[in-house]
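Participant: Residue numbers (the numbering used here), protein chains in the order written: chain F, 23 to 144; chain V, 23 to 144.
Even for Gly, the Cβ is constructed at its ideal location relative to N, Cα and C.
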DNA sequence: ATCCCGCTTCGAGCGCGCTCCAGGTCAAGG
DNA sequence: CCTTGACCTGGAGCGCGCTCGAAGCGGGAT
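If you want it as structure tokens, here you go:
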């Protein structure tokens with residue numbers, strides 16, 4: 023069972039353009055082709071796309087996702103470095119979350135300040 | 023007491039280039055000038071820069087920060103819309119935090135998976 | 001007096017991550 | 001046979017947010 027690029031776009035929330043771009047840029051593992059050269063995405067491809075989408079949505083740059091993909095394509099013996107990439111990324115994301123939470127606190131305080139002024143006599 | 027653009031860059035963590043760019047793009051309130059045309063930043067300017075930096079670091083686009091700045095410059099009568107902008111932004115940031123946390127959970131699960139494999143006999 | 005330094009403006013350039021267009025192939029349906 | 005439509009490739013274009021370069025000015029130190 024395999025999917026066309028259009029079906030995969032719907033399933034993943036990416037566009038067909040982006041799927042081709044990711045492949046060109048080395049972010050994908052091997053994508054099968056039909057006899058006529060059309061891309062055929064497997065269930066495994068969908069899982070991989072979900073993974074790199076998680077990395078992207080948490081702010082990992084394309085070049086780092088590419089590096090991770092290269093290691094996965096290289097197969098056995100690269101697990102340690104793959105894990106290090108994810109661990110480093112995890113620390114960055116955690117720090118970002120903390121920072122964002124702090125900024126959000128102050129923004130919320132500003133909203134409360136406006137809410138307080140709205141009740142003023144003026 | 024006022025600061026030069028270089029001193030303000032150090033205090034805010036932005037570059038002088040970025041401070042000029044923000045002013046050009048309408049993100050600043052009124053910035054004073056010396057008799058020779060050099061920018062002079064006040065304590066109030068620093069607070070404002072801290073505020074817009076919070077908005078930027080939590081992902082608010084430049085154009086929305088500009089809109090917010092325009093309202094602040096317009097003064098009285100714009101508080102309700104300013105608050106609405108911040109409230110809308112707050113919801114976006116909260117949603118983003120949630121999403122990021124979920125992605126992070128799955129990335130951490132992947133790290134654990136690698137950690138488990140590292141202990142394998144292979 | 002001359003040098004340097006930090007500031008000024010204007011406008012161009014850049015890195016990122018897509019996004020889209022032109023021109024072509026192939027398969028199915030009328 | 002001809003059209004339609006989904007796909008293909010290569011390459012150009014774009015929006016965002018800076019970032020930088022060129023050319024010029026004014027003030028303080030040597």
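Three Cβ pairs or more, each shorter than 8 Å: is that satisfied between the stretch 120-138 of chain F and the stretch 73-83 of chain V?
Facilitator: Result yes; three or more Cβ-Cβ pairs closer than 8 Å.
Participant: Secondary structure at residue 54 of chain F, three-state DSSP: helix, strand or coil?
Facilitator: Residue mapping note: residue 54 of chain F aligns to position 32 of the first chain, counting from 1. Reduced to three states, the DSSP call for residue 54 of chain F is strand.
Participant: From V:58, V:57, V:42, V:63, pick the residue whose C-alpha is nearest to that of residue 23 of chain V; which is it?
Facilitator: Here the question's residue 23 of chain V lines up with position 1 in the second chain. Of the candidates V:58, V:57, V:42, V:63, the one whose C-alpha sits nearest the C-alpha of residue 23 of chain V is V:63.
Participant: Let me see if you follow: with CB-CB separation under 8 Å, is residue 130 of chain V close to chain F or not?
Facilitator: Here residue 130 of chain V corresponds to residue number 108 of the second chain, with the count starting at 1. So yes, residue 130 of chain V belongs to the interface.
Participant: Among F:69, F:59, F:50, F:48, whose alpha-carbon lies nearest the alpha-carbon of residue 34 of chain F?
Facilitator: Residue mapping note: residue 34 of chain F aligns to position 12 of the first chain, counting from 1. Taking only the C-alpha atoms, the option nearest residue 34 of chain F is F:69.
Participant: Mind checking if residue 91 of chain F is an interface residue toward chain V, Cβ cutoff 8 Å exclusive?
Facilitator: As a working note, residue 91 of chain F is residue 69 in the first chain. It does not: the Cβ of residue 91 of chain F has no partner Cβ on chain V nearer than 8 Å.
Participant: Answer with buried or exposed for residue 120 of chain F, where buried requires no fewer than 16 other C-beta atoms within 10 angstroms of its C-beta.
Facilitator: The sequence position of residue 120 of chain F within the first chain is 98, counting from 1. Exposed is the call here.
Participant: From the DSSP output, in three-state form, read off residue 144 of chain V for me.
Facilitator: As a working mapping, residue 144 of chain V is identified with position 122 in the second chain. Low confidence applies to residue 144 of chain V: its pLDDT is 47, below 50, so where it sits in the model is not reliable, and the reading given next is rough at best. Coil, per DSSP.
Participant: So does the stretch 83-98 of chain F actually touch the stretch 54-61 of chain F, counting three or more Cβ pairs closer than 8 Å?
Facilitator: Judged by Cβ distances under 8 Å, the stretch 83-98 of chain F makes no contact with the stretch 54-61 of chain F, as fewer than three pairs qualify.
Participant: Which residue or residues does DSSP assign as beta-bridge partners of residue 62 of chain F?
Facilitator: On the first chain, position 40 is the one that residue 62 of chain F refers to. Per DSSP, F:54.
Participant: Taking C-beta pairs closer than 8 Å, name the residues in chain F that residue 101 of chain V reaches, listed in chain order.
Facilitator: The residue given as residue 101 of chain V occupies position 79 in the second chain. Ordered by position in chain F, the residues that pass the 8 Å Cβ test against residue 101 of chain V are 136, 139, 140.
Participant: Find the residues of chain F that neighbour residue 105 of chain V, judging by a C-beta separation of less than 8 Å, and give them in chain order.
Facilitator: For the purposes of this step, residue 105 of chain V is identified with residue 83 of the second chain, where counting begins at 1. Chain F residues near residue 105 of chain V: 133, 136, 137, 140.
Participant: What's the C-alpha gap between residue 44 of chain V and residue 124 of chain V?
Facilitator: Here residue 44 of chain V corresponds to residue number 22 of the second chain, with the count starting at 1. Here residue 124 of chain V corresponds to residue number 102 of the second chain, with the count starting at 1. Cα to Cα, residue 44 of chain V sits roughly 34 Å from residue 124 of chain V.
Participant: At the 8 Å Cβ level, is residue 94 of chain V part of the contact set with chain F, yes or no?
Facilitator: Here residue 94 of chain V refers to the residue found at position 72 of the second chain. So no, residue 94 of chain V is outside the interface.
Participant: Please list, in chain order, all residues of the same chain as residue 104 of chain V whose beta carbon is under 8 Å from its beta carbon, the five residues on each side excluded.
Facilitator: Walking along the second chain from the start, residue 104 of chain V turns up at place 82. So the list reads 90, 93, 94, once near-sequence residues are dropped.
Participant: Taking DSSP as the reference, what is the three-state secondary structure of residue 49 of chain V?
Facilitator: Along the second chain, read from residue 1 onward, the residue named residue 49 of chain V stands at position 27. Residue 49 of chain V falls in the coil class under three-state DSSP.
Participant: Here's the rule I'm using: 16 or more other beta-carbon atoms within 10 Å means buried, otherwise exposed. How should residue 60 of chain V be labelled?
Facilitator: Locating residue 60 of chain V in the second chain gives position 38, counting from the first residue. Counting Cβ neighbours within 10 Å, residue 60 of chain V comes out exposed, since fewer than 16 surround it.
Participant: Who are the near neighbours of residue 25 of chain F in its chain, counting only those whose CB is closer than 6 Å to its CB and skipping five residues on each side?
Facilitator: For this step, residue 25 of chain F is matched to residue 3 along the first chain. Taken in chain order, the residues that qualify are 63.
Participant: Please look up how many angstroms separate the CB atoms of residue 122 of chain F and residue 115 of chain V, rounded, as I've assumed it's under 8 Å.
Facilitator: Here residue 122 of chain F refers to the residue found at position 100 of the first chain. Here residue 115 of chain V refers to the residue found at position 93 of the second chain. Indeed they touch by this definition, with Cβ atoms about 7 Å apart.
Participant: At a CB-CB cut-off below 8 Å, which residues of chain F make contact with residue 80 of chain V?
Facilitator: Locating residue 80 of chain V in the second chain gives position 58, where the first residue counts as 1. Chain F residues near residue 80 of chain V: 122, 125, 126, 129.
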